[in-house]
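FYI, the numbering for the sequence shown is 3 to 371, going by this note's numbering. Glycine residues also receive a C-beta, built at the ideal position from the N, C-alpha and C atoms. Just so it is clear, the structure is predicted and the values come from calculations on it, not from any experiment.
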Amino acid sequence: MDSCLMVWHMKPQSRAYRFTGHKDAITCVNFSPSGHLLASGSRDKTVRIWVPNVKGESTAFRAHTATVRSVHFCSDGQSFVTASDDKTVKVWATHRQKFLFSLSQHINWVRCAKFSPDGRLIVSASDDKTVKLWDKNSRECVHSYCEHGGFVTYVDFHPSGTCIAAAGMDNTVKVWDVRTHRLLQHYQLHSAAVNGLSFHPSGNYLITASSDSTLKILDLMEGRLLYTLHGHQGPATTVAFSRTGEYFASGGSDEQVMVWKSNFDIIDHGEVMKVSRPPATLASSTGNLPEVDFPGPPGRGRSVESVQSQPQEPVSVPQTLTSTLEHIVGQLDVLTQTVSILEQRLTLTEDKLKQCLENQQLIMQRATL
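See below:
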């Protein structure tokens, strides 16, 4: 919202780059597949292509006649797609940002547009309550998915390219097969609008970010909620897995970016990283499924280990005793993390108090002078 772009280094104590150039709020950002370029879209109706180094050089061009909501590179890095409040989706050549073509069947703001992993399809999500699937070569709309009961905020392809997931203002997440156009899964787990989502590279998990301030991790193979993560102090606006799936990052209206460790290897790394396969059955999930709550850190720029699983139960232990013990372990885990959070908050308060006292001393010194 401050019209600045920040590029953070994942290594501790590494300095971040702060890029300025946009004249209004930045709504979207995307690295090229090689990582050598960075594209950003803004309310100033422009797209900027940055070289993410110390200099932060960029070229800007007016991409749309209204706010640019989304920018996404194709997997080959040769082109990128933009979506805008001017109701259009546009495709551009990365080299010299040459305009290629426009897709214009939406009748309201287009909030998101993405290329399929193979680059042959484009999917877009709009405030006209539809998700549209486009053929890049023919430039035709292949199908419109109209099941959302409100504005569709975000959409993305499964890593296999065989299905898509869309998030909506109606608090739902829906997964469709792009070949049969059948609704595969429907999740109604959040208590407010879902603003963003991201598939784990394995294709087995989906993470969602919502205005109810939580992130939720879904097991797509079993069609159920795994974890609810509490970290942001207001709406969680965006979330994304890293390319390896080892981490995910979330951003919120509380001005914080949090980096989380997935820890899926604790479950069974071999299982998780199997070849991507799409979810196969229709699962309709509601909020009363079993879930584990993990509180997040209050401090800025801290990381938290977010996903932990219990070891598989031995056959000899009775089921009721096992589940009771697992529940106790889960509660202890939450208590441990709560104590950790309280410690962090105490440290933060001490730091602020120290700062206040130092400021007071400075003021008194100036007054005596």
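Distance cut-off 6 angstroms: residue i Cβ against heavy atoms of the ligand NAD
i: Leu185; result: For the structure depicted, the ligand NAD is absent and the ligand set is empty, with no information on it obtainable.
Under the three-state DSSP convention, the category residue i falls into
i: Cys358; result: helix
i: Ile378; result: An answer regarding residue 378 cannot be provided, because it is not within the stretch 3 to 371 covered by the chain.
i: Gln187; result: strand
i: Gly121; result: coil
i: Pro313; result: The predicted position of Pro313 is uncertain, since its pLDDT is 33 and thus under 50; no value can be drawn from it.
i: Thr370; result: helix
i: Thr230; result: strand
i: Thr2; result: In the structure as shown, the chain starts at 3 and stops at 371, and residue 2 therefore has no counterpart that could be examined.
i: Ile109; result: coil
i: Arg64; result: strand
i: Asp179; result: strand
i: Phe153; result: coil
i: Leu381; result: With the chain running from 3 to 371 in the structure shown, residue 381 is simply not present.
i: His160; result: coil
i: Arg17; result: coil
Local Cβ density within 10 Å of residue i, reported as buried at 16 or more and exposed below that
i: Ala369; result: exposed
i: Ala211; result: buried
i: Ile219; result: buried
i: Lys356; result: exposed
i: Leu350; result: exposed
i: Ile28; result: buried
i: Leu337; result: exposed
i: Thr326; result: exposed
i: Trp262; result: buried
i: Met260; result: buried
i: Tyr150; result: The question names Tyr, but residue 150 in the sequence shown is His. That one is buried.
i: Leu186; result: buried
Through-space distance from residue j to residue i, alpha-carbon basis
i: Arg226; j: Val31; result: 30 angstroms
i: Cys165; j: Arg50; result: 30 angstroms
i: Val144; j: Ser104; result: 15 angstroms
i: Gly236; j: Val56; result: 32 angstroms
i: Asp88; j: Ala68; result: 5 angstroms
i: Ala127; j: Val157; result: 6 angstroms
i: Gly205; j: Trp136; result: 22 angstroms
i: Phe201; j: Gln362; result: 50 angstroms
i: Ala65; j: Gln333; result: 51 angstroms
i: Lys25; j: Cys6; result: 9 angstroms
i: Gln374; j: Tyr147; result: What is shown of the chain runs 3 to 371, which leaves residue 374 out entirely.
i: Leu123; j: Arg245; result: 21 angstroms
i: Ile109; j: Gln15; result: 47 angstroms
i: Gly23; j: Met223; result: 43 angstroms
i: Thr324; j: Asp129; result: 47 angstroms
i: Lys176; j: Phe159; result: 12 angstroms
i: Leu191; j: Leu228; result: 11 angstroms
i: Cys358; j: Leu344; result: 21 angstroms
i: Leu231; j: Phe266; result: 15 angstroms
i: Glu257; j: Gly79; result: 30 angstroms
Proximity of residue i and residue j at Cβ, strictly below 7 angstroms
i: Thr155; j: Asn197; result: yes
i: Asp214; j: Ala242; result: no
i: Leu2; j: Ala169; result: Not covered by the structure: residue 2. The range shown for the chain is 3 to 371.
i: Ser34; j: Phe101; result: no
i: Ser81; j: Val93; result: yes
i: Leu208; j: Ser252; result: no
i: Ala85; j: Val112; result: yes
i: Ala18; j: Met3; result: no
i: Gly43; j: Val83; result: no
i: Gly121; j: Ser77; result: yes
i: Ser106; j: Thr90; result: yes
Query - Contact between the stretch 56–66 and the stretch 112–126 (3+ Cβ pairs under 8 angstroms) - result: The answer is no - the stretch 112–126 does not touch the stretch 56–66, with fewer than three Cβ pairs under 8 angstroms.
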